[in-house]
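A short write-up of the structure that comes next.
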Amino acid sequence: MALYTKEEALWYHEHKPHGKLECIPVKPCKTQKHLSMAYSPGVAEACRAIHANADEAYRYTNKGNLVGVVSNGTAILGLGHLGPLAAKPVMEGKGVLFKIFADIDVYDINLASLDPDKIIEAVKMLEPTFGGINLEDIKAPECFYIEEKLKGMMNIPVFHDDQHGTAIISGAGIINALEISGKKMEDLKVVVSGAGAAAIACSKFYMVLGVAKENISMFDSKGLVHLGRTDLNEQKKYFAQKTENAKNLGEALKGADVFLGLSSKDLVSKDMVKGMAKSPIIFAMANPDPEIPYPDAMEARPDAIMGTGRSDFPNQVNNVSGFPYIFRGALDVRASIINEEMKMAAAKSLAALAKEKVPREMCDAYGVKELSFGQHYVIPKALDTRMLEWEAPAVAKAAMDTGVAKIAIADLEAYKKQLRDRLTASHKRIEAFVESYGYDF
């Protein structure tokens, strides 16, 4: 059941001020002295200091807490290619999530280009402005090329969330699901429905976790990805089976341990999941309707550990459980990149948090009596603010341990408290500001 009507959603975005973000000053500008420090001539002191030492930009500007969310609108969530202007509501929404969950500021950058090299050029030129770049809703295979090139060219983190966010969150779920089922990562037989950015990234991340590449069967709209096909891009070819060893998805799912769905609704039937191995892991994440409805899958396989992209069923795989906290940790040590070790640290921290006692207020927020580690709770809930103090420090530590951090956090326990206090203070400011507009929805 929808929580809102179309009219309510449009009114939410239309109500003045239009959109979801507003830039506001954070320093006073009421007197001549204030004005002279904010702009001319006092601003020259900050300019000279940064010219003498580029790192001073993190001291005298907002660069260290600012992320650019960049899209060309070619793969808008659940909507496809609608272009950069129609992508702007999503990018503004991403900015809201960054701020609410991790107190990170965002400028949304919507680029009117289908040329990946022009996008690379534009984003590279933005490096002086931002502490990190979140690529968003850029279609495959261009997204792989754009991210890889930018990572090699820029000295700030570049992260395509459509790829890595889903991989990290679902990876955390698989880590915990295996603990429940008693299976081993290297033995898993994985079937993937979908071969876009998220599917490719998830499959690669599962390999980092220990899944054997030859045990991953990937399907696109034309069937099994195998070397006998001549229509495969390089990313798909990497996961191609040697032969067409399964004619269809149902055949591949026989005896499979994991189903990863990043495609479209109703591609999987009850009979298909009945043929899966004991305690199957089913992550059906097509949005808003998964490849198989949650009730159908659980009726067919009561022993399944199942997750979807939806908040109204257990084990929601939601990227908001990743990107705000990953960037928070990366920004706070001025990481030059978000590497595999940082992604792994994020996944392991989420897996560990799911085993902790869940606060009463979190259960109340989801309308349940309790939440405890097990079949129906292997991933922390998306609204669990504890993820900030679990995930960000883990990511920051991994950055320091792997030598990609420019500064160090000496006391991670003190850092966790600083994060809690920071988010509390941020929420108070935001609530007061939003309430001043007198919204009634």
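In my numbering, the protein residues as written are 552 to 992.
Every residue gets a Cβ at the ideal spot worked out from N, C-alpha and C, and that includes glycine.
Could you give the distance in angstroms between the alpha-carbon of residue i and the alpha-carbon of residue j?
| i | j | result |
| --- | --- | --- |
| K581 | L617 | 25 Å |
| K571 | E643 | 6 Å |
| L628 | G683 | 22 Å |
| A752 | E964 | 32 Å |
| A560 | D962 | 44 Å |
| L760 | P667 | 30 Å |
| K948 | G873 | 16 Å |
| H564 | S732 | 44 Å |
| Y758 | T680 | Correcting the residue identity first, residue 758 is Met in this sequence and not Tyr. Cα to Cα, M758 sits roughly 35 Å from T680. |
| L662 | K734 | 45 Å |
| W562 | P579 | 32 Å |
| N766 | P931 | 28 Å |
| I671 | L882 | 21 Å |
| A903 | L778 | 39 Å |
| D782 | K816 | 24 Å |
| E573 | E596 | 27 Å |
| L813 | A976 | 37 Å |
| A959 | D654 | 20 Å |
| L677 | E730 | 44 Å |
| S664 | S622 | 10 Å |
| N799 | G747 | 18 Å |
| E607 | M895 | 31 Å |
| A626 | T859 | 20 Å |
| V919 | V657 | 34 Å |
| S744 | P841 | 11 Å |
| A763 | E737 | 6 Å |
| K908 | F924 | 8 Å |
| Y988 | I981 | 11 Å |
| L922 | I719 | 22 Å |
| L934 | Q926 | 19 Å |
| S862 | L586 | 47 Å |
| T936 | F652 | 7 Å |
| G615 | K821 | 49 Å |
| Y966 | E940 | 8 Å |
| N685 | G619 | 6 Å |
| P592 | K675 | 30 Å |
| L901 | V594 | 43 Å |
With a threshold of 16 other CB atoms inside 10 Å of the CB of residue i, please say whether the residue is buried or exposed.
| i | result |
| --- | --- |
| S943 | As written in the sequence, residue 943 is Ala, which differs from the Ser given in the question. Buried, because 16 or more other Cβ atoms sit within 10 Å of the Cβ of A943. |
| K899 | buried |
| V955 | buried |
| K740 | buried |
| K755 | buried |
| R610 | exposed |
| R599 | exposed |
| Q583 | exposed |
| R885 | buried |
| H715 | buried |
| F514 | Since the first residue of the chain shown is 552 and the last is 992, residue 514 is not available in this structure. |
| D972 | exposed |
| I832 | buried |
| V985 | exposed |
| K788 | exposed |
Helix, strand or coil for residue i, going by three-state DSSP, please let me know.
| i | result |
| --- | --- |
| S622 | strand |
| I601 | helix |
| N838 | coil |
| D659 | strand |
| G644 | helix |
| T859 | strand |
| V909 | coil |
| F864 | coil |
| V884 | coil |
| G683 | strand |
| G722 | helix |
| H711 | strand |
| L617 | strand |
| G593 | coil |
| I843 | coil |
| G629 | coil |
| I981 | helix |
| I889 | coil |
| I877 | helix |
| I670 | helix |
| I651 | helix |
**Asked** Does the stretch 722 to 732 come close enough to the stretch 788 to 796 to have 3 or more Cβ pairs within less than 8 Å?
**Response** no
- request: Indicate whether the contact test is met: 3 or more Cβ pairs, each with one atom in the stretch 858 to 878 and one in the stretch 828 to 841, closer than 8 Å.
  value: yes
Suppose only complete runs of 3+ residues qualify. What are the beta strand (DSSP E) ranges in the stretch 732 to 797, listed by chain order? 741 to 744, 767 to 771
Exercise. For the 8 Å Cβ check, are there 3 or more pairs between the stretch 911 to 918 and the stretch 675 to 690?
Worked result: no
Would you list, in sequence order, the uninterrupted alpha helix (DSSP H) runs of no fewer than 4 residues that lie entirely inside the stretch 916 to 943? none
message = If contact is defined by three or more beta carbon pairs under 8 Å, each pair taking one atom from either stretch, is the stretch 700 to 709 in contact with the stretch 633 to 641?
response = no
Does the contact criterion of 3 or more C-beta pairs under 8 Å hold for the stretch 878 to 886 versus the stretch 708 to 716? yes
request  = Report the residue ranges of all alpha helix (DSSP H) runs contained in full by the stretch 800 to 829; include only those spanning at least 4 residues, in chain order.
outcome  = 800 to 804, 821 to 825
Between the stretch 801 to 808 and the stretch 818 to 833, do at least 3 Cβ pairs fall closer than 8 Å? yes
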